[in-house]
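A quick write-up on the structure given underneath.
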Amino acid sequence: MHPYLQVLNLRRDVKPARPHVSYGWTAFVLAVGLWGMGAPVPRPPVAGVDGWTQRTWVVMGTYLTVRVRHADSAYAERILDGVIDLVQDLDRRLTLYDPSSELWALNRQAGGPPLPVSEPLWDLLERALAYSRETQGAFDVTIGPIVQTWGFLEGPRRVPSDEAIARARARVGYTKVELDPSRRTVRLTTPGMVLDFGGIAKGYALDRAVELLQQAGLRDALLNFGGEIYAMGTPDGGDRPWTLAVRHPRRPDRVWREFPVRDMAVSTSGDYERFFFQGGRRYSHILSPWTGRPVETDVVSVTVVAPSATEADALSTALFVMGPERAQALVGADRCRYVLWIRQQGRHLIEDPRSVWPPRPCPSQGSRPSRTPKSNDPSPDIRPQ
Ligand code: AMP
Ligand code: MG
Numbered sequence: 018m019h020p021y022l023q024v025l026n027l028r029r030d031v032k033p034a035r036p037h038v039s040y041g042w043t044a045f046v047l048a049v050g051l052w053g054m055g056a057p058v059p060r061p062p063v064a065g066v067d068g069w070t071q072r073t074w075v076v077m078g079t080y081l082t083v084r085v086r087h088a089d090s091a092y093a094e095r096i097l098d099g100v101i102d103l104v105q106d107l108d109r110r111l112t113l114y115d116p117s118s119e120l121w122a123l124n125r126q127a128g129g130p131p132l133p134v135s136e137p138l139w140d141l142l143e144r145a146l147a148y149s150r151e152t153q154g155a156f157d158v159t160i161g162p163i164v165q166t167w168g169f170l171e172g173p174r175r176v177p178s179d180e181a182i183a184r185a186r187a188r189v190g191y192t193k194v195e196l197d198p199s200r201r202t203v204r205l206t207t208p209g210m211v212l213d214f215g216g217i218a219k220g221y222a223l224d225r226a227v228e229l230l231q232q233a234g235l236r237d238a239l240l241n242f243g244g245e246i247y248a249m250g251t252p253d254g255g256d257r258p259w260t261l262a263v264r265h266p267r268r269p270d271r272v273w274r275e276f277p278v279r280d281m282a283v284s285t286s287g288d289y290e291r292f293f294f295q296g297g298r299r300y301s302h303i304l305s306p307w308t309g310r311p312v313e314t315d316v317v318s319v320t321v322v323a324p325s326a327t328e329a330d331a332l333s334t335a336l337f338v339m340g341p342e343r344a345q346a347l348v349g350a351d352r353c354r355y356v357l358w359i360r361q362q363g364r365h366l367i368e369d370p371r372s373v374w375p376p377r378p379c380p381s382q383g384s385r386p387s388r389t390p391k392s393n394d395p396s397p398d399i400r401p402q
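In the working numbering, the protein residues as written are 18 to 402.
Spelled out as structure tokens, the structure:
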């Protein structure tokens with residue numbers, strides 16, 4: 018194996034001191050690098066050596082590990098302080114049931130008048146809605162009531178009645194969010210609406226962190242936020258990109274595939290992350306806004322590589338909902354969106370031939386990581402008939 022290998026999808030649970038409802042509050046999947054995690058593969062460069070400085074925090078209910086390369090480790094530490102300040106600030110704004118959080122206030126206002134929101138919440142919401150439009154609602158940031166009904170936010174997890182699902186669905190729909198850019202206000206038009214950024218917030222936080230690192234003059238870094246990865250530059254300041262690996266979805270001790278990445282983000286969504294069993298069936302935490310139920314699919318995991326972590330995060334969630342057939346129009350080397358589909362076929366796992374893999378460097382890509390589609394981007398028809 019490659020000496021700098023970083024493996025995605027190692028399961029690791031965090032139980033925060035207080036329930037962290039905006040991101041779920043029990044099990045979280047980690048796509049971890051192997052720094053000190055005891056995984057049976059070679060280690061990347063050691064922190065403190067070769068100019069590398071690394072820190073890990075628990076935030077947003079999961080682990081954030083950032084490793085940066087800079088000759089002055091005191092400077093690197095100060096930058097890392099800035100990263101965690103930034104992410105904790107986002108976390109405070111997006112926590113669902115903390116009455117002091119901005120998102121709590123916005124959700125409480127559902128059905129009422131518009132509410133002015135902060136720049137980060139506005140920016141994230143605009144991006145989330147753009148991905149909703151692009152995926153024709155497969156990714157839907159208003160999914161909260163359905164997530165709640167299935168018990169994925171506060172528990173207990175259970176199969177709700179058809180009536181409960183219908184009631185939740187009536188409160189879901191990204192077109193029910195009204196933005197007024199001139200006043201920077203948001204109106205949730207239907208009472209009981211709940212915005213849930215669980216499918217995009219970590220990616221967004223990573224992009225903001227990457228911007229901060231770039232502004233600080235850092236070129237090489239590896240960021241891992243509960244499974245969302247951004248690989249900046251190279252592991253040794255040379256030409257060789259980072260080598261990452263998708264972990265085997267059913268065998269955490271095994272690597273499925275290695276692949277090179279440079280200045281790109283990686284996100285995996287899968288049925289093995291958070292789920293529960295009832296009546297012998299597995300119910301996953303990714304829900305179809307169209308049916309109000311966990312997505313029923315033979316897709317076990319979908320890994321997306323894209324220029325921005327927001328994009329990779331939102332798309333991996335959306336693609337899991339859509340499946341390989343409908344998702345084809347959204348991915349492709351020409352759009353710098355790479356995808357690896359792993360599907361269950363009988364007792365075996367297979368790679369779907371519609372995968373666009375392995376990822377290649379994107380020539381047109383600038384240093385800014387946060388590409389988000391415009392509202393007039395073509396959107397293919399991917400809704401179920
Ligand atoms: P991810 O692990 O990034 O795929 O995100 C999964 C999380 O996103 C879930 O735990 C929910 O909070 C939320 N979610 C579930 N289904 C959807 C959906 N269809 N659109 C947007 N967010 C979703
Ligand atoms: Mg996601």
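Just so it is clear, CB atoms sit at the ideal spot from N, CA and C, and this is done for glycine as well.
N- and C-terminal bounds of the beta strand (DSSP E) containing residue i
i, result
"residue 307", "Premise fails: residue 307 is in no beta strand (DSSP E) and is neither H nor E."
"residue 359", "355 to 362"
"residue 437", "This structure cannot speak to residue 437, because the chain is shown only from 18 to 402."
"residue 300", "298 to 301"
"residue 153", "First-last for residue 153: undefined, no H or E at that position."
"residue 294", "292 to 295"
"residue 256", "Unbroken run through residue 256: none, as it is neither H nor E."
"residue 171", "Note, residue 171: premise wrong, no beta strand (DSSP E); not H, not E."
"residue 197", "194 to 197"
"residue 377", "Looking at the DSSP string, residue 377 is not in any beta strand (DSSP E), and its letter there is neither H nor E."
"residue 350", "Note, residue 350: premise wrong, no beta strand (DSSP E); not H, not E."
"residue 322", "316 to 323"
"residue 202", "202 to 205"
Whether residue i touches residue j by CB criterion (7 Å)
i, j, result
"residue 70", "residue 91", "no"
"residue 237", "residue 260", "no"
"residue 283", "residue 274", "no"
"residue 185", "residue 162", "yes"
"residue 308", "residue 220", "no"
"residue 329", "residue 156", "no"
"residue 201", "residue 130", "no"
"residue 189", "residue 306", "yes"
"residue 113", "residue 107", "no"
"residue 229", "residue 242", "no"
"residue 354", "residue 323", "yes"
"residue 216", "residue 320", "no"
"residue 96", "residue 226", "no"
"residue 266", "residue 287", "yes"
"residue 371", "residue 345", "yes"
"residue 375", "residue 294", "no"
Nearest residue (CA-CA) to residue i, options the options
i, options, result
"residue 192", "269, 231, 143, 76", "143"
"residue 318", "346, 360, 109", "360"
"residue 178", "170, 111, 166, 171", "166"
"residue 235", "104, 130, 89", "89"
"residue 285", "357, 147, 154, 369", "357"
"residue 104", "81, 146, 173, 125", "81"
"residue 168", "292, 347, 72", "292"
"residue 183", "164, 287, 218", "164"
"residue 87", "118, 231, 154", "231"
"residue 365", "199, 73, 316, 174", "316"
"residue 197", "258, 139, 379", "139"
"residue 67", "253, 367, 270", "253"
"residue 137", "218, 368, 79, 154", "218"
"residue 246", "115, 268, 280, 271", "280"
"residue 194", "272, 149, 117, 369", "149"
Boundaries (first-last residue) of the alpha helix (DSSP H) holding residue i
i, result
"residue 186", "179 to 186"
"residue 217", "No alpha helix (DSSP H) contains residue 217, which DSSP labels as neither H nor E."
"residue 367", "First-last for residue 367: 365 to 368, but that is the beta strand (DSSP E), not the alpha helix (DSSP H)."
"residue 164", "161 to 166"
"residue 342", "326 to 344"
Assumed close pair residue i, residue j - CB separation to whole angstroms, cut-off 8 Å
i, j, result
"residue 278", "residue 248", "4 Å"
"residue 77", "residue 159", "The Cβ separation is near 20 Å, so there is no contact."
"residue 304", "residue 298", "That belief does not hold up - the Cβ atoms of residue 304 and residue 298 are roughly 15 Å apart, past 8 Å."
"residue 127", "residue 240", "So it is not a contact: roughly 33 Å between Cβ atoms."
"residue 373", "residue 340", "Residue 373 to residue 340, Cβ: 15 Å. No contact."
"residue 83", "residue 100", "6 Å"
"residue 135", "residue 110", "7 Å"
"residue 146", "residue 214", "Between residue 214 and residue 146 the Cβ distance is about 12 Å, and since that is not below 8 Å, they are no contact."
"residue 301", "residue 312", "6 Å"
"residue 207", "residue 347", "About 28 Å separates the two Cβ atoms, so there is no contact after all."
Below-7 Å beta-carbon distance, residue i vs any chain B residue
i, result
"residue 248", "Annotation note: the requested chain B is absent from the structure, which comprises a single protein chain."
Legend entry - Residue ranges of each alpha helix (DSSP H) within the segment 61 to 139, 4 or longer: 90 to 111, 119 to 125
Inset, instruction - At 3 residues or longer, and completely inside the segment 263 to 290: list those beta strand (DSSP E) runs for me, N to C. - result: DSSP runs (the beta strand (DSSP E)) wholly in the segment 263 to 290: 272 to 278, 281 to 287.
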